[in-house]
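Contents: one structure, followed by commentary.
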Amino acid sequence: MLVAPSVLSADFGNLERDVKAICEAGCDLVHVDVMDGHFVPNLTIGPVVVSAIAKAATKPLDVHLMVENNTFFVELFAPLKPEYISFHIEEEKHPHRLIQKIRSLGIKPAIVLNPHTPPESIEFLLQDLDMVLLMSVNPGFGGQSFIESVIPKAARLNEMRNRLNPNCLIEVDGGVSDKNVMLLKEVGVDIVVAGSYVFNHPSKQEAIKSLQV
Ligand code: DX5
Ligand code: ZN
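Under the working numbering, the first residue of the sequence shown is numbered 13, with each subsequent residue one higher.
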C-alpha cells in the first residue's frame with residue numbers, strides 16, 4: 013500500500029517543516045487538497061502555496077481538486093508538474109476532454125468519486141485514467157469518520173479495473189487509519205490518503221509505516 017499524507021492537516025505556519033517531515037518519514041506521495049469554497053464548503057490553497065509545497069517536497073505531488081471550474085484549476089496547477097491531478101466526476105460535463113488535456117500537459121489524470129457515486133459511472137472513462145480516487149468521507153474537511161460503504165465499492169471498482177485497465181490505480185481518501193487500512197488492502201486499494209491520522213500521530217514515521225501494509 014502506498015501512502016499519501018494530506019497536507020490539509022499540516023501546521024500551515026510551519027508548512028515547509030511539515031512537508032519535509034512527511035517526505036523524510038517515508039511517504040510515497042504528498043496529497044494536496046484544493047478547495048474553492050463552491051464545490052465544497054471550505055477554502056484552502058492556490059498555486060502560490062502549492063508551489064511552496066512543491067519546493068519543499070521530495071516526493072511527487074497528488075493534487076486533489078474540489079472545485080467548480082476544473083479546467084481553470086488544471087491550467088493553474090499544471091506548471092507545478094504534479095504527478096497526478098484528480099477531478100470530481102460530479103462536477104465535470106466533459107470528463108474525456110479534461111482527461112486528454114491533463115495528459116497533454118504531462119500529468120497523470122485521475123477521477124474522484126464522492127461516497128454516493130457508483131463506480132459504474134466511470135466505466136467508459138476507466139481505460140483513459142491512471143487512477144481513480146474513492147472518497148470515504150464527504151469532501152471538504154479533514155478529521156471526519158470513515159464511511160464503510162467504500163469497501164464494497166472499492167471491491168467493485170477493483171473488478172472493473174482488472175477487466176478494463178489493470179494499470180489504473182485505486183486510491184481512497186478520508187478517515188483512513190491503521191484500523192481500516194487492511195480492509196482496503198483486501199479489496200485491492202493501492203494508495204491511501206491520510207491527514208489527521210498521520211499529523212496527529214506522535215511519530216509520523218510510525219504512522220506512515222503502519223499504513224504501508
Ligand atoms: C477531504 C480531503 C482529504 C482529507 C483527509 O475533503 O480530500 O484529503 O484531508 O483527511 P483525514 O485523513 O483526516 O480524513
Ligand atoms: Zn483529498
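C-beta atoms are modelled at their ideal positions from N, C-alpha and C, and glycine is treated no differently. Bear in mind that the values here come from a model prediction, so they are computed numbers and not experimental data.
Considering only residues of the segment 64-89, which uninterrupted beta strand (DSSP E) runs meet the minimum length of 3 residues and lie entirely inside it, listed in chain order?
73-78
Could you check whether the Cβ of A64 sits closer than 7 Å to any Cβ belonging to chain D?
In the displayed structure, chain D is absent; only one protein chain is listed.
Contact test: V205 Cβ vs the ligand DX5 heavy atom, cutoff 6 Å
yes
Residue from N170, E135, V60, I114 with nearest C-alpha to V184
The candidate whose alpha carbon is nearest that of V184 is N170.
Check whether the segment 82-92 touches the segment 136-144, taking contact to mean three or more Cβ pairs, one atom from each stretch, closer than 8 Å.
With a cut-off of 8 Å, the segment 136-144 and the segment 82-92 do not count as touching, because too few Cβ pairs lie within range.
Pick out the complete alpha helix (DSSP H) segments inside the segment 98-149, 4 residues or longer, and give them in chain order.
107-116
In DSSP terms, what P17 is bridged to
A206
Run through DSSP, which three-state label would D45 get?
strand
Within the present structure, is the beta-carbon of H100 separated from the nearest heavy atom of the ligand ZN by less than 6 Å?
no
Nonlocal neighbours in the same chain, by C-beta distance under 7 Å from V15, ignoring five residues either side:
C39, D40, V204, A206, I220, L223, Q224
Out of S189, G186, H213, C180, point me to the one whose CA is closest to G200's CA.
For the options S189, G186, H213, C180, the alpha carbon positioned closest to that of G200 is the one of C180.
Do D45 and the ligand ZN come close, with the Cβ less than 6 Å from some heavy atom?
yes
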